[in-house]
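Numbering (the numbering used here), first residue to last: 1389 to 1470. Ideal Cβ placement from N, Cα and C applies to all residues, glycine included. From a predicted model like this one, the values you see are computed outputs, not experimental measurements.
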(Lines of atoms letter the chains of each structure in order from A and count residues from 1; the text may use other names and numbers.)
(Lines give C-alpha, C1' and ligand atoms only; values in the text may rest on other atoms or scores of the structure.)
Protein backbone atom coordinates (compact mmCIF):
# COMPACT_ATOMS: atom_id res chain seq x y z
CA UNK A 1 0.00 0.00 0.00
CA UNK A 2 1.18 3.51 -0.73
CA UNK A 3 0.39 6.66 1.13
CA UNK A 4 -1.04 9.50 -0.88
CA UNK A 5 -0.28 13.11 -0.12
CA UNK A 6 -3.91 13.49 0.89
CA UNK A 7 -3.71 10.57 3.33
CA UNK A 8 -0.55 11.94 4.95
CA UNK A 9 -2.20 15.33 5.38
CA UNK A 10 -5.30 13.69 6.89
CA UNK A 11 -3.14 11.66 9.27
CA UNK A 12 -1.23 14.74 10.42
CA UNK A 13 -4.43 16.74 10.82
CA UNK A 14 -5.99 13.91 12.84
CA UNK A 15 -3.17 13.74 15.38
CA UNK A 16 -3.26 17.53 15.73
CA UNK A 17 -7.07 17.59 16.01
CA UNK A 18 -7.43 20.12 13.19
CA UNK A 19 -8.91 20.16 9.72
CA UNK A 20 -6.59 19.49 6.78
CA UNK A 21 -7.14 22.99 5.42
CA UNK A 22 -5.87 24.42 8.72
CA UNK A 23 -2.40 22.90 8.21
CA UNK A 24 0.37 25.20 7.04
CA UNK A 25 2.72 23.18 4.83
CA UNK A 26 5.66 25.54 5.34
CA UNK A 27 5.33 26.17 9.08
CA UNK A 28 7.15 24.00 11.59
CA UNK A 29 4.62 21.41 12.74
CA UNK A 30 5.76 21.92 16.34
CA UNK A 31 4.27 25.41 16.08
CA UNK A 32 1.02 23.74 15.02
CA UNK A 33 0.91 21.40 18.02
CA UNK A 34 3.09 18.47 16.93
CA UNK A 35 5.18 16.76 19.59
CA UNK A 36 7.47 13.74 19.69
CA UNK A 37 4.76 11.34 20.82
CA UNK A 38 2.57 12.29 17.87
CA UNK A 39 5.49 11.95 15.46
CA UNK A 40 6.15 8.43 16.77
CA UNK A 41 2.45 7.62 16.40
CA UNK A 42 2.58 8.73 12.76
CA UNK A 43 5.80 6.81 12.10
CA UNK A 44 4.21 3.59 13.40
CA UNK A 45 1.01 4.25 11.46
CA UNK A 46 2.90 4.85 8.22
CA UNK A 47 5.12 1.81 8.74
CA UNK A 48 1.97 -0.28 9.19
CA UNK A 49 0.65 1.21 5.96
CA UNK A 50 3.72 -0.03 4.10
CA UNK A 51 6.27 2.78 4.31
CA UNK A 52 8.57 0.61 6.40
CA UNK A 53 11.67 2.82 6.18
CA UNK A 54 10.09 5.99 7.50
CA UNK A 55 12.37 7.27 10.25
CA UNK A 56 11.50 9.36 13.28
CA UNK A 57 14.85 11.19 13.20
CA UNK A 58 14.43 12.26 9.58
CA UNK A 59 10.97 13.66 10.28
CA UNK A 60 12.09 15.35 13.49
CA UNK A 61 15.03 17.07 11.76
CA UNK A 62 12.72 19.11 9.53
CA UNK A 63 9.17 19.06 10.92
CA UNK A 64 7.43 20.87 8.09
CA UNK A 65 4.59 19.13 6.28
CA UNK A 66 5.99 19.98 2.85
CA UNK A 67 9.24 18.23 3.82
CA UNK A 68 7.46 15.20 5.24
CA UNK A 69 5.46 14.81 2.03
CA UNK A 70 8.68 14.87 0.00
CA UNK A 71 10.42 12.38 2.31
CA UNK A 72 7.51 9.94 2.22
CA UNK A 73 7.23 10.21 -1.56
CA UNK A 74 10.96 9.52 -1.95
CA UNK A 75 10.77 6.52 0.38
CA UNK A 76 7.84 5.06 -1.52
CA UNK A 77 9.53 5.59 -4.89
CA UNK A 78 12.73 3.95 -3.61
CA UNK A 79 10.76 0.98 -2.29
CA UNK A 80 9.07 0.47 -5.66
CA UNK A 81 12.45 0.30 -7.41
CA UNK A 82 13.69 -2.57 -5.24
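Integer-rounded CB distance, given that residue j should sit under 8 Å from residue i
i, j, result
"residue 1434", "residue 1391", "6 Å"
"residue 1420", "residue 1412", "7 Å"
Residue i - DSSP class collapsed to helix/strand/coil
i, result
"residue 1423", "coil"
"residue 1444", "helix"
"residue 1411", "coil"
"residue 1437", "coil"
"residue 1392", "coil"
Identified DSSP bridge partners for residue i
i, result
"residue 1452", "1416"
Buried/exposed call for residue i, threshold 16 Cβ in 10 Å
i, result
"residue 1428", "exposed"
"residue 1415", "exposed"
"residue 1381", "No answer is possible for residue 1381: it lies beyond the span of the chain, which begins at 1389 and ends at 1470."
"residue 1439", "buried"
"residue 1406", "exposed"
"residue 1425", "exposed"
Residue i: first and last residue of the uninterrupted alpha helix (DSSP H) it sits in
i, result
"residue 1406", "Careful: residue 1406 lies outside any alpha helix (DSSP H) and carries neither H nor E."
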